[in-house]
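Before any comments, here is the structure.
In the working numbering, the protein residues as written are 1 to 562.
Here it is as structure tokens:
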């Protein structure tokens with residue numbers, strides 16, 4: 001309908017229109033402020049407050065937008081979108097809380113040309129979200145803005161700018177590393193970082209425990225015992241110490257010290273007064289993610305800060321650690337060799353018949369030669385305070401017993417196969433396929449009879465033999481019976497197909513297994529193909545549970561029931 005000119009309307013009607021206007025006013029679009037500052041922005045005049053103030057002023061002057069919330073990522077690069085505040089913003093967008101995102105300029109949104117373009121051109125239109133960049137005079141609802149070449153060019157410039165800044169930061173950090181400055185965020189356990197000099201200074205309380213750890217190591221105390229002692233002393237772990245000293249959070253309970261934590265402290269050259277840099281690197285401008293560097297590329301600046309451990313003591317500890325590492329590697333290599341020679345063929349298959357626990361595979365010494373082993377499956381339930389007395393069986397004996405039972409099983413299977421093949425030839429209820437066919441024929445006949453009853457009922461209704469009320473009642477009853485019979489017929493047909501398939505698979509399996517009738521040597525492939533579980537009792541009797549259905553037993557059971 002065309003809008004009428006208000007010029008020609010009488011005065012009372014104008015007054016009425018003015019009264020209704022507030023009720024007809026459209027709801028405003030829920031808008032969010034998004035801002036971002038990277039590390040390099042902090043050194044410029046750019047600040048979080050100026051970004052937010054500029055965008056807030058824009059929203060307050062807008063007749064379309066209604067302010068909802070502010071999302072700000074402080075200290076995050078614009079080269080990717082893995083930022084906590086941006087993630088929170090997108091979650092609220094998907095929950096329909098935000099319909100418009102307002103930023104100071106497109107570089108605050110992101111400096112990655114491809115990702116920023118994907119969000120602006122694909123994600124936001126799909127989610128029905130509007131993007132406004134105030135100083136760039138960009139509004140995604142304006143067709144000319146989305147089609148303009150200015151947007152991709154500006155995004156590309158932002159990406160190039162971010163790469164240039166990233167390269168400058170990387171170069172600056174490399175110089176600081178080479179000069180021996182500690183460039184990491186946190187000082188090692190035992191030190192605190194001086195924010196002015198960027199040097200490590202001793203933290204007396206934590207340094208005492210560092211010295212204690214090194215002293216115990218020099219005394220020959222194993223690393224796992226050192227970790228246990230630190231836990232018993234209720235000493236806060238390095239992570240808890242950081243939470244307390246740096247983050248200012250209260251530590252109520254001390255966590256357990258780990259062997260890895262102790263080893264990291266013992267191997268840390270920082271404790272002799274040296275600064276170690278360049279252990280890892282990252283080049284965002286070159287598309288290179290963070291990765292560790294070999295020891296040859298580390299920067300080591302000696303005597304840059306007070307030492308907690310004497311250099312001689314540190315070197316002694318390194319010799320001990322290296323020797324222990326060599327011994328461990330030798331033992332592990334020998335252990336792997338033994339494990340490869342004496343493999344656990346029945347892994348995960350052998351269980352105790354008395355308590356149900358999985359029996360453990362043990363390689364025990366045999367004779368004078370350490371490399372010679374005899375293998376057992378052992379139930380260690382007794383060690384776990386279970387009621388089972390605990391027992392063992394030699395692996396070779398178990399394998400022999402398994403093959404004996406498999407031989408008897410295959411003989412029985414062969415006999416059953418012959419009986420089942422004969423059953424299929426006769427038309428008798430003992431034949432499961434014949435029985436299934438008979439059931440299908442019976443149900444088919446019942447379905448046909450019920451269909452005729454329905455037809456006759458309709459004929460009686462048309463002839464006036466049955467009135468409308470009786471017709472409806474009887475018709476509903478016939479329909480229920482008919483549908484029930486149809487469902488039973490479908491089920492019987494499915495069962496027939498299933499029985500035929502199962503018998504076919506059973507006969508094929510039996511035929512294939514008969515090839516192993518004369519094989520008494522242990523065959524792991526044969527065992528794994530048909531055996532699901534092996535249970536061993538204290539008197540060394542075994543029970544084998546097979547991993548397939550015994551169709552013959554089911555046929556016998558159904559025949560007996562019939």
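Built from N, CA and C at the ideal position, the CB exists for glycine as well. All of these numbers come straight from a predicted model, not from anything done at the bench.
Check	Outcome
Excluding five sequence neighbours on each side, which residues of the same chain lie with their C-beta closer than 8 Å to the C-beta of residue 134?	54, 55, 58, 102, 103, 104, 105
Determine the DSSP secondary structure at residue 120, reduced to helix, strand or coil.	helix
Is residue 117 near the ligand SAH, with its Cβ less than 8 Å from a heavy atom?	Among the components of this structure there are no ligands whatsoever, and the ligand SAH is therefore not found.
Shortest alpha-carbon distance to residue 124 belongs to which of 100, 107, 138, 67?	100
Which of helix, strand or coil does DSSP assign to residue 35?	strand
Using a Cβ-Cβ cut-off of 7 Å (strictly less than) and excluding sequence neighbours within five positions of residue 543, which residues of its own chain qualify?	353, 535
Are residue 92 and residue 32 closer than 9 Å when you measure CB to CB?	yes
Here's a check: name, in chain order, each residue in its chain whose Cβ is nearer than 8 Å to the Cβ of residue 481, leaving out the five neighbours to either side.	450
Under 9 Å between the Cβ atoms of residue 410 and residue 527?	no
Assign residue 547 to one of two classes, buried (16 or more other C-beta atoms within 10 Å of its C-beta) or exposed (fewer than that).	exposed
In terms of DSSP beta bridges, what is residue 200 paired with?	193
For residue 492, collect the residues of the same chain with a Cβ closer than 8 Å to its Cβ; drop the 5 residues on either side in sequence, then sort them by chain order.	436, 439, 440, 443
Indicate whether residue 537 and residue 391 have their beta-carbon atoms separated by less than 9 Å.	yes
Does residue 98 pass the burial test, meaning 16 or more other C-beta atoms within 10 Å, or should it be called exposed?	buried
Per DSSP, residue 374 is paired with what?	364
State the Cα-Cα distance for the pair residue 305 and residue 202, rounded to the nearest angstrom.	9 Å
Where do the N-terminal and C-terminal ends of the beta strand (DSSP E) with residue 65 fall, by residue?	65-74
Please give me, in chain order, every unbroken run of the alpha helix (DSSP H) with length at least 4 that falls completely inside the stretch 238-272.	238-245, 259-266
Quick one, which of 87, 232, 81 has its alpha-carbon nearest residue 117's?	81
Buried or exposed: residue 545, going by 16 or more other Cβ atoms within 10 Å of its Cβ?	exposed
Please report the straight-line C-alpha distance between residue 389 and residue 540, rounded to a whole angstrom.	13 Å
Tell me, to the nearest whole angstrom, how far the beta carbon of residue 109 is from that of residue 191; I am working on the premise that it is less than 8 Å.	Not confirmed; about 39 Å, so no contact.
Which residue marks the beginning of the beta strand (DSSP E) containing residue 221, and which one marks its end?	Residue 221 -> no beta strand (DSSP E), and no H or E assigned at all.
Would you mind working out which of 249, 253, 495 sits nearest residue 232, comparing C-alpha positions?	253
Is the beta carbon of residue 257 closer than 9 Å to that of residue 230?	yes
Closer than 8 Å is the cut-off here; do at least three beta carbon pairs connect the stretch 260-276 with the stretch 325-345?	no
For residue 76, which residues in the same chain have their Cβ closer than 7 Å to its Cβ, ignoring the five residues on either side in sequence?	36, 38, 83
Buried or exposed: residue 217, going by 16 or more other Cβ atoms within 10 Å of its Cβ?	buried
For the stretch 416-499, which segments carrying the alpha helix (DSSP H) assignment without a break, of at least 4 residues, lie completely within its bounds, in sequence order?	432-463
Quick one: residues in its chain with C-beta nearer than 7 Å to the C-beta of residue 255, no 5 flanking neighbours on either side, listed in chain order?	237, 240
Give the DSSP bridge partners of residue 350, in chain order.	534
Kindly indicate which three-state DSSP category residue 234 falls into: helix, strand or coil?	coil
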